[in-house]
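What the sequence shown shows, in this note's numbering, is residues 46 to 332, in sequence order. Even for Gly, the Cβ is constructed at its ideal location relative to N, Cα and C.
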Amino acid sequence: MLAYQHAYHAGNFADVHKHLILFAAQRNLLRKETAVTYVDTHAGRGNYPLADAETQKLKEYEKGVLPLWRTRAALTNSDGSEKGLIHEWLGELAKAQGVNRGQLTHYPGSPWWLAQALRQQDRLHLFELHPGEQQHLEAQPLPSNAQRYRADGLLGLRGMLPVATPRLCVLIDPSYERKQEYNEVAETLAFVARKVRHAVVLVWYPLLPAGRHQSLLDDVKQAGLRKLWCSELRHHAPGQEHGMYGSGLLLFNPPWGLDRKIENAMQRVVTCLGGEACHRGYWWVGE
Ligand code: SAM
46 MLAYQHAYHA GNFADVHKHL ILFAAQRNLL RKETAVTYVD THAGRGNYPL ADAETQKLKE
106 YEKGVLPLWR TRAALTNSDG SEKGLIHEWL GELAKAQGVN RGQLTHYPGS PWWLAQALRQ
166 QDRLHLFELH PGEQQHLEAQ PLPSNAQRYR ADGLLGLRGM LPVATPRLCV LIDPSYERKQ
226 EYNEVAETLA FVARKVRHAV VLVWYPLLPA GRHQSLLDDV KQAGLRKLWC SELRHHAPGQ
286 EHGMYGSGLL LFNPPWGLDR KIENAMQRVV TCLGGEACHR GYWWVGE
C-alpha cells in the first residue's frame, strides 16, 4: 500500500516540528570535522511548491510553517538562544525559496534539509519506494555525495550497516499506512543500535486518538535501548477531531544539550501556532 503522498501535508505543523529538530541535530553534528553518513529512510519528493494542487487542497502549511515564517522580522534581533535556532532555520528556509527569498513559495522536505549542510566528507542516502515520489526526488538538484534509491528504506538502512564514516545519523519518517510499521520501525531502531551504538536516530510518529505510537515506544524500551528522548508537539487536544492531533519525535542518542534547546525552541513554535498547541519533552528511557 503506497497511497500516502506528502504533498497534501507539506509544511504542516508536523513538518515544522520534525525538520526543526532535524536541523538542530545536524547543526550539532557539524561541530566536529569527522564525517557523517546520513540516511533518510522515507525521503518523499524533496521539495514541495506550495501552489501545487495537492498542497492547495488542504493548505496545511497555513497552520504550520506560515505563522512561523511571518515572525521572521521579529526574530532578526535574536539573542543567540532559542530564538537563534528558529531564526537560523527560517534563514535556511528562505534559501529554499530561490530568487525570491522574501516570499514563501516552496516548502523543502527532509532530503533538502539534510543536503543543505552536507560537507564533502559526508554521505547522504535517500530511500523512497513510491515510483511517482521517487521520480520527483530524482529531479531535485542534490550534491554528488547524495545517493537516491527506489527501495524499501528500513531494509535499505539495515543493509548498509555498519557505515564507513565514523558517525551515523538516521531519519525514519514513515507514513504508517500499515499498523505493523510501528513494530517494524522499533525493530529497525533496535538493529541500528546494536550495529552502531553511537548512531543518532530520529524517528517521527503521529499522535493519533488510537495511541498507536505507544507500541513503538514500548517495543524500543523492551529491546533494552537507552538514551531515548521524546519531543511531542500537540496541535490540539486529542479526540476533538479525527486524524492526527500531534507530532512526535523519538531521538536515540540525542547530542548533549539538544533536549533543552528543542524545548526552548518549541515554546516559541507553540506561541506561533496559538490555539491549544503545546509541547512536551521527556526522557522515555534515560542513560
Ligand atoms: N521524510 C519526508 C520529509 O520530511 O519531507 C516525508 C516522508 S513521507 C511522511 C513518507 C514517504 O515514505 C512517502 O513519500 C512514501 O511514499 C514513502 N514510503 C512508504 N513506504 C516506504 C518504504 N517502505 N520505503 C521507503 N519509502 C516509503
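Within a 10 Å sphere around the beta-carbon of P153 sit 16 or more other beta-carbons, which makes this residue buried.
Only residues of its own chain outside the window of five on either side were considered, and among them P112, L113, T116 have a CB closer than 7 Å to the CB of C317, listed in chain order.
Secondary structure in the stretch 217-265: the beta strand (DSSP E) runs of 3 residues or longer, each lying completely within the stretch, are 245-252 in chain order. For S155, the enclosing alpha helix (DSSP H) covers residues 155-160.
Residue state for Y83 is assigned as strand, using DSSP reduced to three classes. In the assembly as shown, L75 is an exposed residue. Its beta-carbon has fewer than 16 other beta-carbons within 10 Å.
If you draw a straight line from the Cα of L169 to the Cα of C214, it comes to about 10 Å. The Cβ atoms of A70 and L273 lie no closer than 8 Å to each other. When the five nearest sequence neighbours on each side are left out, the beta carbons in the same chain lying within less than 6 Å of the beta carbon of L135 are those of R117, in order along the chain. When the Cα atoms are used, E105 and L47 turn out to be separated by approximately 21 Å.
For the set C323, F58, W157, G129, the Cα lying nearest the Cα of Q142 is the one of W157. Counting only the Cα atoms, F68 lies some 14 Å from A139. Bounds of the alpha helix (DSSP H) holding E99 are 98-103. Closest option to Q312, judged by alpha-carbon separation, among A191, Y53, L159, R279: R279.
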